[in-house]
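Everything below concerns the one structure shown next.
Residue numbers (this note's numbering), protein chains in the order written: chain A, 1 to 266; chain B, 1001 to 1162.
Rendered as structure tokens:
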């Protein structure tokens, strides 16, 4: 690892000031992607600003309108085991419990995951399907405006994700096909029966990161059943194709995972 | 250099480190606690597991400065008064190891598993929860057996205490 300077922030404004003063600073949350990346010398920030000790960024609250607010520094383990989430958004709790392994889930955070927007990360599928709001120290984004491409988000360089707000949905479920070696999603599909209709979002498979499946949504609106999505697959042109699987293989996986998710949501 | 202070195995310690020093390096090289192993360098093997503030974490995937102010328990800190921890004893009795390299991480993972899920563990759960620990000898069978035996013994101890 190259040299770096560590700073521990005590508030969001403190972190913003530290980031502003840094030459080439990076925000450090759970660090389960950033630290391994720095170990490989694929990232060399001059400064690290640790967000893990900012009390206002942590915790899960059920709000008056029923929606759930998750502080950005909340760990995957906390999301997976939270009773409000297990009741109102069981698919989200299941998804959080499938990220990495138990030890990674003790450190990794929802804010870190979405700010990195790894094309194989799990959370983006849930946020896009549920129509989440992403709150930063400057403004709010809808999930559809936030995730802009592979490892790309609409965040400014000096912007900090502070929380995620998730409206509740009647039925939610997530199904993923993990790569047998890395355990990252080759295709992960989150389905939700929301007040605005059926929503289907896919991670792991697309070249541009997370995306929705409008044809599946239409089919599920008239029939919320696994057989409704049979024969509906994304265009192969937009799928990742690499040593782990061809575009055609991934396109098919999306359909299979969507079927499994709908079946599990009942 | 930065001074880090933390509780390690119940003892308040401090040391001088570079900010880029990993917690695993600090424990091994600064504190001489070489029971924490480095198996993979890719955050996958779990040989470096320690408990930080009661939760199992990969000490190779965090900086020592991140752990400053925390309470850390390593494999050296789980025996008491010269008596092996029930989990250590079960690994010994069930031969839950082959070369022994992954064993400290396996034991720290197994104790964390029981802390989180309780002692009523079936084989399927144990295997699933070991996702973050790799045994290069593939000696999982006896590892799983050892964890099950320790969980059963801990349940008995808890029951007797009630």
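Note that beta-carbon positions come from the ideal geometry of N, C-alpha and C, so glycine has one too.
- For residue 1035(B), no CB of chain A lies under 9 Å from its own CB, so it is not counted at the interface with that chain.
- Check the Cα spacing between residue 263(A) and each of 211(A), 197(A), 174(A), 58(A): the tightest is with 174(A).
- With fewer than 16 other CB atoms across the displayed protein chains lying within 10 angstroms of its CB, residue 1157(B) is exposed.
- A direct Cα-to-Cα measurement between residue 211(A) and residue 1065(B) gives close to 38 Å.
- Closest in C-alpha terms to residue 1046(B), from the list 157(A), 204(A), 100(A), comes 100(A).
- Of all residues in the segment 1083-1104 of chain B, none places a beta-carbon less than 8 Å from a beta-carbon of chain A.
- Residue 1080(B) has a beta carbon lying at 9 Å or more from every beta carbon in chain A.
- The beta carbon of residue 1042(B) falls within 9 Å of a beta carbon belonging to chain A, placing the residue at that interface.
- Residue 1004(B) is bridged by DSSP to 1015(B).
- By the Cβ criterion, the segment 1063-1078 of chain B is in contact with the segment 1026-1044 of chain B, since at least three pairs of Cβ atoms, one from each stretch, lie closer than 8 Å.
- In the DSSP assignment, residue 1127(B) falls within the unbroken alpha helix (DSSP H) covering 1123-1129.
- Bridge partners of residue 197(A) according to DSSP: 194(A).
- The C-beta of residue 1(A) comes closer than 9 Å to at least one C-beta of chain B.
- Three or more beta-carbon pairs separated by less than 8 Å are not found between the segment 82-91 of chain A and the segment 28-42 of chain A, which leaves the two stretches without contact.
- Inclusion of residue 176(A) and residue 198(A) in the CB contact set at 9 Å is not warranted, their separation being larger than that value.
- By the criterion of a C-beta distance shorter than 6 Å, residue 1079(B) is surrounded in its chain by 1085, once the five residues flanking it on both sides are discounted.
- Counting along the chain, the unbroken alpha helix (DSSP H) around residue 249(A) starts and ends at 247-265.
- The Cβ of residue 95(A) sits no closer than 9 Å to any Cβ of chain B.
- Any Cβ of chain A closer than 9 Å to the Cβ of residue 1136(B) would place that residue at the interface, and such an atom is absent.
- As far as DSSP is concerned, residue 183(A) takes part in no beta bridge.
- For residue 101(A), the nearest beta carbon of chain B is closer than 9 Å to its own beta carbon.
- The residue from 74(A), 196(A), 235(A), 260(A) with its alpha-carbon nearest to that of residue 248(A) is 235(A).
- Taking the beta carbon of residue 79(A) as reference, no residue of chain B falls within 8 Å; the closest one sits roughly 14 Å away.
- Secondary structure in the segment 147-171 of chain A: the beta strand (DSSP E) runs of 3 residues or longer, each lying completely within the stretch, are 147-149, 161-166 in chain order.
- Interface annotation, residue 1047(B): not in contact with chain A, CB-CB separation never under 9 Å.
- Assigned with DSSP and collapsed to three states, residue 34(A) falls in helix.
- For residue 161(A), the closest alpha carbon among the candidates 213(A), 256(A), 192(A), 28(A) is that of 28(A).
- Taking all protein chains shown into account, residue 117(A) has 16 or more neighbouring C-beta atoms within 10 Å of its C-beta and is therefore buried.
- The beta carbon of residue 35(A) sits closer than 9 Å to some beta carbon of chain B.
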